[in-house]
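Trainee: Questions regarding the structure given below will be posed in turn.
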Amino acid sequence: MENQNQGPSNPQQVNQQFTQQFGQQPLPNATAVLVLGIISIVGCFCYGIIGLILGIIAIVLAGKAAKLYQANPEMYSESSFKNMKAGKICAIIGLCLSAVYFIIIIIYIAILGTVLTAMPWNMMGN
């Protein structure tokens, strides 16, 4: 029997054929990284928790997308890579702002708790 596989066996040749036939495709999760990065900046004002969560998710997704792009840059469009990079930068900014805001809230609660426990509550009833 003859080999029925007439196509290229090398994955790079397959990718080159794909890009020649269909053009470059957008990077997976590039738009999601951008949206999550922007929302993490806005979410930092929700006591910092939402911004922290969304920023971490966006950075993880951006790391995976960057690895895909580094492995095969000719397969993905440059605009989607730029969107991913912008989203990662927004996520880092949102993560930093959220962390600072979260620390400020923790310090505020600690100071408020200290002040409230130091008050002479037993003398206020008299």
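Throughout the sequence shown, residue numbering follows our numbering, covering -16 to 109 in sequence. Cβ coordinates follow ideal geometry from the N, Cα and C atoms, glycine included.
Taking all protein chains shown into account, decide if N12 is buried (16 or more other Cβ within 10 angstroms of its Cβ) or exposed.
Mentor: As a position in the sequence shown, residue 12 is number 29, starting the count at 1. N12 is buried by the Cβ-count criterion.
Trainee: Based on the DSSP secondary-structure assignment, which residues constitute the bridge partners of Y59?
Mentor: For the purposes of this step, residue 59 is taken as the residue at position 76 of the sequence shown. Bridge partners of Y59: Q8.
Trainee: By alpha-carbon positions, which one of P103, T100 and L10 ends up nearest to K50?
Mentor: Numbered from its first residue, the sequence shown carries residue 50 at position 67. The shortest C-alpha separation from K50 is found at L10.
Trainee: Ends of the alpha helix (DSSP H) at N106?
Mentor: The residue you call residue 106 lines up with position 123 of the sequence shown. Reading off the sequence shown, one finds Met at residue 106, where the question assumed Asn. That run of the alpha helix (DSSP H) goes W104 to M107.
Trainee: Would you kindly check if the distance between the Cβ of L37 and the Cβ of A74 is under 9 Å?
Mentor: Along the sequence shown, one-based indexing puts residue 74 at 91. Along the sequence shown, one-based indexing puts residue 37 at 54. Yes.
Trainee: Do you know whose CA, among F85, M67, I32 and N105, lies nearest A15's CA?
Mentor: Taking the first residue of the sequence shown as 1, we reach residue 15 at position 32. Considering only alpha carbons, the answer is M67.
Trainee: Out of Q53, P56 and I76, point me to the one whose CA is closest to L19's CA.
Mentor: Translated into the one-based positions of the sequence shown, residue 19 becomes position 36. The option with the nearest alpha carbon to L19 is I76.
Trainee: What's the call for K47, buried or exposed, on a 16-neighbour Cβ count within 10 Å?
Mentor: For this step, residue 47 is matched to residue 64 along the sequence shown. Its Cβ having fewer than 16 others within 10 Å, K47 is exposed.
Trainee: Secondary structure at Y52, three-state DSSP: helix, strand or coil?
Mentor: Translated into the one-based positions of the sequence shown, residue 52 becomes position 69. In the structure shown, Y52 sits in a helix (DSSP, three-state: H, G or I).
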